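Asks: Letter by letter, the sequence shown follows residues 810 to 1067 of this note's numbering.
Glycine residues also receive a C-beta, built at the ideal position from the N, C-alpha and C atoms.
Nothing here was measured: the structure is a model prediction, and the numbers come from that model.
The following block contains the structure, expressed as structure tokens.
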Amino acid sequence: MNTVAVTRPSGSGEDTIRLVKEMGWNPLIVHTVELKAREESEIFTELSRVLTGGPVDWLVLMSPNGANLLFNVLKSHGNLLPSALGDLHLLAVGPRTKDALARQGISGVHVPDNFSSMGIADFLTTQGLGGKRVLLARSSSADNSLARELVKNGALVDTVNLYDPVIPSDTTSFQRFIDAIGRAEIQAMLFTSSLSASNLFLMSKNYVSPDEFVSLLREIRIGAIGPVTARKLSQLGIPPTMIPGTFIIDDALKELLG
810 MNTVAVTRPS
820 GSGEDTIRLV
830 KEMGWNPLIV
840 HTVELKAREE
850 SEIFTELSRV
860 LTGGPVDWLV
870 LMSPNGANLL
880 FNVLKSHGNL
890 LPSALGDLHL
900 LAVGPRTKDA
910 LARQGISGVH
920 VPDNFSSMGI
930 ADFLTTQGLG
940 GKRVLLARSS
950 SADNSLAREL
960 VKNGALVDTV
970 NLYDPVIPSD
980 TTSFQRFIDA
990 IGRAEIQAML
1000 FTSSLSASNL
1010 FLMSKNYVSP
1020 DEFVSLLREI
1030 RIGAIGPVTA
1040 RKLSQLGIPP
1050 TMIPGTFIID
1060 DALKELLG
């Protein structure tokens, strides 16, 4: 049976394992990023700073975990809720983020057709961004391409960093991956973020030379979840053979393995 490796944050991947098995492949989840949630007090301080500047028109949530963390903070600091959720519009990046908000009891959430930075910016631009305040709730490692695009279209943009990404403390899945790639037991790999690609190369340095690692990866099918990840892979010497149109992991796997 062919094996596909998929980068996921620590603690994630059960859903990916199920899908890959349904497709008749053997899944190998590689944890290359550990998302350390910031202290609630830090998030509260950042939110308070933003809300002091006036009401927010759009809140953009990038992930289910981010949605849960942010609304847990809001619920534990009830004095923030009226100013945070007054006439706010919510944009969830991806159906799973929308589902996470639904479980929080929040409806009327918008979802863009395209989950890239440009897709999110295009959606918000159609809503009229001139003078609107947009709050991006995200990881501290996220690039600024979305914020730049929104500002270019007239928005006032703030960010609240919910997570700090680090190299995983548990490297068990990486050890399995490095052994398997060395034995030519992997036929395809999907990178789900640019940071996962950078970290994989950092983690591999103690096992293989960069040139040897590039050679091993060039022997297999490589997928990138989106253009930012594709650019990072190209910089690392392994331009991807596939980028999905939707930037959703499930769709990317179907395209990569189909």
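For residue 829 versus residue 842, is the C-beta distance shorter than 8 Å?
Replies: Contact: no.
Asks: Between 1005, 1041, 1015, 955, which has its C-alpha nearest residue 988's C-alpha?
Replies: Out of 1005, 1041, 1015, 955, 1015 has the C-alpha closest to the C-alpha of residue 988.
Asks: For residue 1024 and residue 1040, I'd like the C-alpha separation in whole angstroms.
Replies: Those two C-alpha atoms are separated by around 18 Å.
Asks: Count the other CB atoms within 10 Å of the CB of residue 1012; is the residue buried (16 or more) or exposed (fewer)?
Replies: By the neighbour-count rule (16 or more Cβ atoms within 10 Å), residue 1012 is buried.
Asks: Identify which residue in 959, 1057, 1028 has its Cα closest to the Cα of residue 992.
Replies: Looking at the Cα atoms, 1028 is the closest of the given residues.
Asks: Quick one: using the 10 Å Cβ neighbour count with 16 as the cut-off for buried, is residue 912 buried or exposed?
Replies: With fewer than 16 Cβ atoms within 10 Å of its Cβ, residue 912 is classed as exposed.
Asks: What residue from 931, 954, 971 has the CA that sits closest to residue 883's CA?
Replies: Residue 883 has its Cα closest to that of 971, out of 931, 954, 971.
Asks: Assuming contact is defined by CB atoms lying nearer than 8 Å, are residue 969 and residue 959 in contact in what I supplied?
Replies: Result no, Cβ atoms of residue 969 and residue 959 do not sit closer than 8 Å.
Asks: Measure the CB-CB distance between residue 910 and residue 920 and report whether it falls below 8 Å.
Replies: No, these two residues do not count as a Cβ contact at 8 Å.
Asks: What span of residues does the beta strand (DSSP E) with residue 1053 cover, start to end?
Replies: Unbroken run through residue 1053: none, as it is neither H nor E.
Asks: In the DSSP assignment, the alpha helix (DSSP H) including residue 771 goes from what residue to what residue?
Replies: With the chain covering only 810 through 1067, there is no way to say anything about residue 771.
Asks: Under 8 Å, do residue 986 and residue 837 count as touching if we go by C-beta distance?
Replies: Taking 8 Å as the Cβ cut-off, residue 986 and residue 837 qualify as a contacting pair.
Asks: Please determine, among 873, 1036, 1055, the residue with the shortest C-alpha to C-alpha distance to residue 1049.
Replies: The candidate whose alpha carbon is nearest that of residue 1049 is 1036.
Asks: Among the residues of its own chain, which have a CB less than 8 Å from the CB of residue 902, if the five just before and after it don't count?
Replies: Here the set comprises 869, 870, 871, 872, 920, 921, 924, 929.
Asks: Since residue 838 sits in a beta bridge, which residues does DSSP pair it with?
Replies: According to DSSP, which records beta bridges pairwise, residue 838 is partnered with 815.
Asks: Tell me the DSSP bridge mates of residue 850?
Replies: Residue 850 is not bridged to any residue.
Asks: Would you call residue 961 buried or exposed, if buried means 16 or more other Cβ atoms sit within 10 Å of its Cβ?
Replies: That one is exposed.
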